[in-house]
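Chains as they are written, first to last, in the numbering used here: chain A, 217 to 608; chain B, 175 to 469. Glycine included, C-beta positions come from ideal geometry on N, C-alpha and C. Computed from a predicted structure; not experimentally measured.
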């Protein structure tokens, strides 16, 4: 058994991310500090200083520069990584588009933190939901194990010839980033077998000098290049599924697919959630099942590509579903609600309740999940705010 | 002692720059000085357009295009990446305009210089946002009109002094800093080569007259560059490992001989012209004293 070579460790989500980077043979890391991302990059700086990781670590003067530096190093031929949070991610926004448009398969860790004002350092996914239109793949992790494994699988998915798009891996601030969990650490030789060496077929080539990213007129290839990105985002679905299967074979850990269904087989009602909210939701599903309620959970793992087909096949025929957003889009609740609704349009007629919950790290406790379930069961449609002072 | 220009051409004919563009000459001479083992990173600027729409190019070296504020960070990433691949002997150049350097790119420039990477940062200074249609930048000189400092009824020409980025770079402790201009290619190429011999970051500010934005005839670009030096409006200096050297022009002219040839200055009256002359004298003696003062 290959999986015998793996070891156990008690690590935080941020340490798990750093270990994932080390195992993925990343050679260049550039970052700018922001709470609660800091312990990822501190750990990486320490690994480089102790020669545990053969890479260069460059702390730059802003997140815009961090993203620019890894963009430039990867285009010049070296696997690269950065990590950020919240305002740092917003400050990178321009370079997120540029990196995806240049088809550079960089992996970035995002520790989901609220956007001010008021200042708030706690869990909230508005920062990364804001980046859903930048051409990056997005994964919302639920455990520290998934954080580690997603870095390794992330590079393989992103660097696949049919994808060649960057990937951001999310962990909820403090709930994962600063909380220790037992994690299985793969052996580095196993990872070498699983993750091919970095090889980009369009890196800077001095023998064949080109312009990288020059401009296009309206009749130039601009639209075709954007369409190709959209096509690749769709092609990523099959690559993700294959990578998960291969990962399971190599390391013995199963990751379902773009979504992770829990107790959905005979469910009449469902909750839909991302990140660590899904963990509490699973617990509540267990409690409700004990009370005879036929309820299940759909955890949306990949937000890009968006698992529309999975959503339809999971929710079709249900009596009701509740979509929980730990983010706010000022459209109609959060982005998850909007995209789930859009997926169902003319494919499944399911009454939906949208919940805005846990913004700025507000606790979402078992009793709140129970309340959400009750509202779904009652068929209360529209957007509800959970655990806010002054009503729903 | 004759100093002939290298014959090697790494910039090809067939680009889309305006007639009489000074910035094209700056790139051409720069690459003559550096040779083919060079990679250039260019932010939003005239030079993002000059090579032509994809798939065309006008350089025989790789050129990476980036958004406006990126140049300092881009050359950081390229340098580290090449070093990791054993390509320490390749020159990494950021080539940015004055807006991309003095304004939106200053933070990224300052960061890269402070970190000490072995990189070139070339600021081609045409003294306004020329690619977007002649808007005022921090590097636009006192007295100039631009499309965002139109003369109007209120004599709304630029009232602030030019932000001299090369001076800032000396103050920050960059090991090689120079100013140059396209009328003196031997001097420009010599400075590029001196910079190459200096380990660590190097910054060269090249004045590149712009007929489109300064409003002079396109056949007078080199003459305008020469007048900028002779009137000491744009003094040429070289700062290398703590030694500061100021170039004395072969003849000294009064500033009005430079100003009167450009329509961006045509509105200036004698008082304003005198103010510019006085500012030039002050700066010149300050630069002279810097030459005599060991740092």
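Nearest candidate by alpha-carbon position, reference residue i, set the options
i	options	result
residue 560 (chain A)	A:536, A:544, A:549, A:543	A:536
residue 569 (chain A)	A:413, A:487, A:313	A:487
residue 598 (chain A)	A:574, A:566, A:336, A:501	A:566
residue 301 (chain B)	B:281, B:336, B:285, B:267	B:336
residue 393 (chain B)	B:195, B:417, B:181, B:248	B:195
residue 275 (chain B)	B:331, B:215, B:232, B:316	B:215
residue 435 (chain B)	B:458, B:367, B:400, B:245	B:400
residue 417 (chain B)	B:444, B:407, B:363, B:349	B:349
residue 209 (chain B)	B:233, B:430, B:443	B:233
residue 314 (chain A)	A:245, A:380, A:284, A:237	A:284
residue 479 (chain A)	A:342, A:410, A:497, A:467	A:497
residue 430 (chain A)	A:317, A:582, A:351, A:577	A:317
residue 268 (chain B)	B:407, B:217, B:285	B:217
9 angstroms Cβ cutoff, residue i in contact with chain B
i	result
residue 217 (chain A)	Caution applies to residue 217 (chain A), whose pLDDT of 45 falls short of 50 and renders its modelled position unreliable; the value that the coordinates give is listed next. By this cut-off, residue 217 (chain A) is not an interface position.
residue 240 (chain A)	no
residue 417 (chain A)	no
residue 414 (chain A)	no
residue 531 (chain A)	no
residue 431 (chain A)	yes
residue 280 (chain A)	yes
residue 428 (chain A)	yes
residue 485 (chain A)	no
residue 425 (chain A)	yes
residue 420 (chain A)	yes
residue 319 (chain A)	no
residue 246 (chain A)	yes
residue 542 (chain A)	no
Any chain A beta carbon closer than 9 angstroms to residue i
i	result
residue 238 (chain B)	yes
residue 285 (chain B)	yes
residue 223 (chain B)	yes
residue 264 (chain B)	yes
residue 289 (chain B)	yes
residue 323 (chain B)	no
residue 228 (chain B)	yes
residue 194 (chain B)	no
residue 461 (chain B)	no
residue 243 (chain B)	yes
residue 254 (chain B)	yes
residue 277 (chain B)	no
Range of the contiguous beta strand (DSSP E) that encloses residue i
i	result
residue 356 (chain A)	353 to 356
residue 475 (chain A)	475 to 478
residue 536 (chain A)	536 to 541
residue 388 (chain A)	383 to 388
residue 414 (chain B)	411 to 414
residue 351 (chain B)	350 to 355
residue 215 (chain B)	212 to 216
residue 488 (chain A)	485 to 489
Host alpha helix (DSSP H) of residue i (start-end)
i	result
residue 345 (chain A)	342 to 345
residue 366 (chain A)	360 to 375
residue 367 (chain B)	359 to 371
residue 507 (chain A)	No alpha helix (DSSP H) contains residue 507 (chain A), which DSSP labels as neither H nor E.
residue 201 (chain B)	196 to 208
residue 451 (chain B)	444 to 466
residue 258 (chain B)	245 to 258
residue 558 (chain A)	551 to 560
9 angstroms Cβ cutoff met for residue i and residue j
i	j	result
residue 437 (chain B)	residue 377 (chain B)	no
residue 490 (chain A)	residue 391 (chain A)	no
residue 282 (chain A)	residue 233 (chain A)	no
residue 291 (chain A)	residue 188 (chain B)	no
residue 287 (chain A)	residue 240 (chain B)	yes
residue 303 (chain A)	residue 250 (chain A)	yes
residue 236 (chain A)	residue 320 (chain A)	no
residue 368 (chain A)	residue 402 (chain A)	yes
residue 395 (chain B)	residue 199 (chain B)	yes
Closer than 8 angstroms: residue i CB and nearest the ligand SAH heavy atom
i	result
residue 572 (chain A)	Looking for the ligand SAH in the displayed structure turns up nothing, as the structure carries no ligands at all.
Jot down the residue ranges of each uninterrupted beta strand (DSSP E) in the region 573 to 603 of chain A, minimum 3 residues, whole runs only, in chain order. Counting only runs of 3 or more, we get 598 to 601.
Enumerated in chain order, which unbroken segments of the beta strand (DSSP E) with a length of 3 residues or greater are wholly contained in the region 274 to 323 of chain A? Runs of the beta strand (DSSP E) inside the region 274 to 323 of chain A: 296 to 301.
Ordered list of alpha helix (DSSP H) runs contained in the region 260 to 311 of chain B, each at least 4 residues: Complete alpha helix (DSSP H) runs here, min 4: 280 to 289.
Residue ranges of each alpha helix (DSSP H) within the region 384 to 419 of chain A, 4 or longer: As summarised for the region 384 to 419 of chain A, the continuous alpha helix (DSSP H) elements at least 4 residues long and confined to that stretch are 404 to 410, given in chain order.
Ranges of the beta strand (DSSP E) found wholly within the region 424 to 481 of chain A, counting only runs of at least 3: Within the region 424 to 481 of chain A, the complete beta strand (DSSP E) runs of at least 3 residues are 475 to 478.
Looking at chain E, which residues of the region 280 to 307 of chain A have a Cβ within less than 9 angstroms of any of its Cβ atoms? Note that chain E does not occur in the displayed structure, where the protein chains are A and B.
Could I get the ranges of all uninterrupted beta strand (DSSP E) runs contained in the region 398 to 438 of chain B, with 3 residues as the minimum, in chain order? Entirely contained in the region 398 to 438 of chain B, the beta strand (DSSP E) runs reaching 3 residues are, in chain order, 411 to 414, 417 to 420.
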